[in-house]
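These protein sequence lines are chains B and F, in that order.
Start counting at 1 in the first sequence, then tack on 7, and there's your number in the working numbering.
Start counting at 1 in the second sequence, then tack on 1, and there's your number in the working numbering.
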Amino acid sequence: MTRRLVPANPRSNAKIETLALNLIRCYQPAVLSHGEQFDIERFFDVYLEELTGVETDYQRLEVGIYGYTDSDEMVCVISQDLAEDPWSKYFYRSTMAHETGHALMHVSDYRQKKAIIRSIHKKDHGNLRTYRESDIVLYRNPEWQAWRFAGALLMPAPAFEEAVRSGVTERDLSQRFGVNPKFVKTRLKSLKLKL
Amino acid sequence: MASFGLTLKKARISKKATLREIGEYIGKSIGYISDIEHDRKRPPDLETVSKIEDFLGVEDGSLLKLAKKIRKNMKPSLSTRFKQKPKLKYALLRAEKIYEDEDKLNKLLETLNKLEGE
Chain B
8 MTRRLVPANP RSNAKIETLA LNLIRCYQPA VLSHGEQFDI ERFFDVYLEE LTGVETDYQR
68 LEVGIYGYTD SDEMVCVISQ DLAEDPWSKY FYRSTMAHET GHALMHVSDY RQKKAIIRSI
128 HKKDHGNLRT YRESDIVLYR NPEWQAWRFA GALLMPAPAF EEAVRSGVTE RDLSQRFGVN
188 PKFVKTRLKS LKLKL
Chain F
2 MASFGLTLKK ARISKKATLR EIGEYIGKSI GYISDIEHDR KRPPDLETVS KIEDFLGVED
62 GSLLKLAKKI RKNMKPSLST RFKQKPKLKY ALLRAEKIYE DEDKLNKLLE TLNKLEGE
């Protein structure tokens, strides 16, 4: 069964890459100059709430749910089990970056849409219309945007391209950027790079 | 009274520390620290709060003072109360046996209400 999503505001690859790069330059420029991994946990724990007004939290979640962001409640939650699992460090980092993407891009999108609906219809609650994911164009798909953002934040294009040019393997890239090899593959494809 | 969780969170953020770093310093999980920050759990014991203050460089003892005040006004945890009053544990375990029988449970609650009213 295909999921139903609320379309986000349109965002191009370039716009998402720029958002991620600006955050890196502002919060941890050594990612670009000294080859550090982006410290997504510190960004999530220390800066995200101040930047977005979205409260961050770690909770026990249902099996198979690793995180969620709720624009009504203004919360961004990561699974406690995932955070504490030493074997899932890379997946934890990408999940956190993905939810950070939702908090940065989609909470304000959805709250603004709801406010507009409320003002037009003069109702207390504005419910957003959902669409089948397959009917949403890619550049308005919030899940695609959040994953693209996660890739751009954890594997910033300038550092990633430089690493690829130096002739490394997929495994090296995975360790260098602290993400799973599958995510490296996706990033290679989205930047149109080959090893 | 100020929230211990919120006070801890503010101190942590001003130090730019992660939940994991505090957790590792006091030997607790991220989940535990998050539960404390969101006031889902009571403040830790005073020795642990003191350690947190050391880690975060809280010099005015504000976390410790707040934890003392909150802990003073709080009932001891259920496990502590069971240790102090073993018959309470026995009574609850007996009550659990009739938990599925709504009539019996209601009768028990009525009896308790009467006894409380005496």
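Think of the CB as a built atom: it goes at the ideal place given N, C-alpha and C, for glycine as much as any other residue.
Q. Any idea which residues DSSP pairs V84/B with across the strands?
A. For V84/B, the beta-bridge partners assigned by DSSP are D64/B, Y75/B.
Q: Evaluate the contact criterion for the region 84–94 of chain B versus the region 144–159 of chain B: three or more CB pairs, one atom per stretch, below 8 Å.
A: Between the region 84–94 of chain B and the region 144–159 of chain B, the count of C-beta pairs closer than 8 Å stays below three; the two stretches do not touch.
Q. To which residues does DSSP link L12/B through a beta bridge?
A. DSSP lists Y138/B as the bridge partner or partners of L12/B.
Q) Looking at the structure shown, is M112/B part of a helix, part of a strand, or coil, going by DSSP? A) Here M112/B sits in helix by DSSP.
Q) Among residues of its own chain, excluding the 5 on either side of R118/B, which ones have a beta-carbon nearer than 6 Å to its beta-carbon? A) Taken in chain order, the residues that qualify are S78.
Q: Kindly list the residues whose CB is nearer than 7 Å to the CB of G60/B, restricted to its own chain and excluding five residues on each side of it in sequence; keep chain order.
A: So the qualifying residues of the chain are M81.
Q: In angstroms with no decimal places, state the Cα-to-Cα distance between V13/B and N74/F.
A: Straight-line Cα distance between these residues: approximately 46 Å.
Q.
Residues of the region 27–49 of chain B in Cβ contact with chain F at a cutoff of 9 Å, in chain order, please.
A. Only D46, E48, R49 from the region 27–49 of chain B bring a Cβ to less than 9 Å from some Cβ of chain F.
Q: Verify whether the separation of the beta carbon atoms of G108/B and A153/B is less than 8 Å.
A: Against a cut-off of 8 Å, the Cβ pair of A153/B and G108/B comes out as a contact.
Q) Since E140/B contacts R10/B with CB under 8 Å, what's their CB separation in whole angstroms? A) Correct: roughly 5 Å between the Cβ atoms.
Q) Could one say the Cβ of D52/B lies closer than 8 Å to chain F's Cβ atoms, at least one of them? A) True, the Cβ-Cβ gap to chain F drops below 8 Å.
**Q.** Cβ contact (3+ pairs, closer than 8 Å) linking the region 20–35 of chain F and the region 72–86 of chain F
**A.** Under the 8 Å Cβ criterion, the region 20–35 of chain F does not count as touching the region 72–86 of chain F, having fewer than three qualifying pairs.
Q: Compare the C-beta of Y99/B with all C-beta atoms of chain F and state if any pair is closer than 8 Å.
A: Not an interface residue.
Q) Name the chain F residues whose beta carbon is nearer than 9 Å to that of D64/B? A) Chain-order list of chain F residues neighbouring D64/B: S35, E38, H39, by C-beta distance under 9 Å.
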